[in-house]
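Report on the structure given below.
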């Protein structure tokens with residue numbers, strides 16, 4: 039068996055996963071565009087920028103499984119989003135194909151479906167409704183993962199991550215919060231479950247207020263151990279000023295940035 043690589047390892051989700059991956063797998067290769075100097079036993083670092091095919095190929099040497107967290111993590115201008123999350127993701131998948139990678143866990147995002155209203159309960163098979171260029175890039179990533187699964191046999195579990203944190207920070211996150219240990223459980227499923235080919239699941243804990251039907255994840259054995267409701271009394275204290283657009287949609291503030299549409303029409307279509 040080859041090595042396990044995690045890209046975007048210096049980011050928030052990667053920082054949460056590092057100790058959990060060491061505990062589970064013993065050894066993990068970390069990659070990021072930024073240098074990482076806080077390595078511990080069981081970790082190796084390979085610096086790489088997604089726009090650099092040679093660096094990505096070097097990072098993937100000897101690797102057959104990848105947790106791909108790398109890329110632009112929030113909304114930005116088109117050139118920035120494209121470089122990392124569209125062109126850069128294609129660079130990654132091409133390098134993964136050439137390296138013989140067999141399995142990828144792709145960090146998609148709730149922003150791929152952010153323009154669904156908060157009154158809606160949706161499943162992974164409902165059409166994408168991105169709320170931003172960032173959300174568009176994640177919808178593209180899911181489509182690219184499907185292509186490389188069907189055409190090249192690289193099985194991918196795309197996880198539409200809500201918000202990874204030790205506890206939910208506001209009312210919106212009560213519906214889409216993801217505890218790091220539940221994220222780790224999804225990653226292990228993505229890396230090891232024999233039935234993973236090209237599945238999309240929601241990255242959320244077992245939240246009582248969820249907007250998402252996560253039966254696709256449950257069918258693969260996902261059993262979340264946490265519920266945001268446990269922290270509800272404190273979470274609601276973190277709410278900001280009212281947002282007449284963002285408060286109506288699952289994507290929150292990403293929906294209200296530059297919004298010129300019709301809120302009511304969007305909610306019911």
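In the numbering used here, the protein residues as written are 39 to 307. Positions of the beta carbon are idealized from the N, C-alpha and C atoms, including for glycine.
Beta-carbon gap between residue i and residue j smaller than 7 Å
| i | j | result |
| --- | --- | --- |
| residue 263 | residue 250 | no |
| residue 149 | residue 163 | no |
| residue 144 | residue 179 | yes |
| residue 240 | residue 113 | no |
| residue 236 | residue 271 | no |
| residue 69 | residue 123 | no |
| residue 101 | residue 41 | yes |
| residue 104 | residue 43 | yes |
| residue 48 | residue 74 | yes |
Outcome for residue i when other beta-carbon atoms lying within 10 angstroms are tallied against a minimum of 16
| i | result |
| --- | --- |
| residue 99 | exposed |
| residue 130 | buried |
| residue 322 | The structure shown does not extend to residue 322, since the chain is modelled only from 39 to 307, so the question has no answer here. |
| residue 212 | buried |
| residue 223 | buried |
| residue 165 | exposed |
| residue 141 | buried |
| residue 177 | buried |
| residue 110 | buried |
| residue 210 | buried |
| residue 171 | buried |
Length of the line joining the Cα atoms of residue i and residue j
| i | j | result |
| --- | --- | --- |
| residue 234 | residue 195 | 7 Å |
| residue 51 | residue 273 | 20 Å |
| residue 147 | residue 254 | 16 Å |
| residue 267 | residue 280 | 22 Å |
| residue 138 | residue 187 | 13 Å |
| residue 269 | residue 290 | 20 Å |
| residue 134 | residue 206 | 34 Å |
| residue 57 | residue 65 | 10 Å |
| residue 190 | residue 261 | 30 Å |
| residue 276 | residue 95 | 43 Å |
| residue 295 | residue 160 | 23 Å |
| residue 305 | residue 117 | 30 Å |
| residue 257 | residue 231 | 11 Å |
| residue 86 | residue 121 | 14 Å |
| residue 278 | residue 132 | 42 Å |
| residue 259 | residue 167 | 27 Å |
| residue 200 | residue 265 | 13 Å |
| residue 72 | residue 299 | 38 Å |
| residue 204 | residue 197 | 18 Å |
| residue 93 | residue 301 | 44 Å |
| residue 157 | residue 208 | 18 Å |
| residue 247 | residue 91 | 42 Å |
| residue 76 | residue 53 | 11 Å |
| residue 307 | residue 151 | 13 Å |
| residue 303 | residue 297 | 13 Å |
Cβ-Cβ separation, residue j to residue i (assumed contact under 8 Å), whole Å
| i | j | result |
| --- | --- | --- |
| residue 245 | residue 215 | 6 Å |
| residue 46 | residue 127 | Between residue 127 and residue 46 the Cβ distance is about 12 Å, and since that is not below 8 Å, they are no contact. |
| residue 221 | residue 238 | Wrong, their Cβ atoms sit about 15 Å apart, outside the cutoff. |
| residue 55 | residue 218 | 7 Å |
| residue 80 | residue 287 | The Cβ separation is near 41 Å, so there is no contact. |
| residue 62 | residue 226 | 7 Å |
| residue 89 | residue 136 | At roughly 17 Å, the Cβ-Cβ gap does not stay under 8 Å, so residue 89 and residue 136 are not in contact. |
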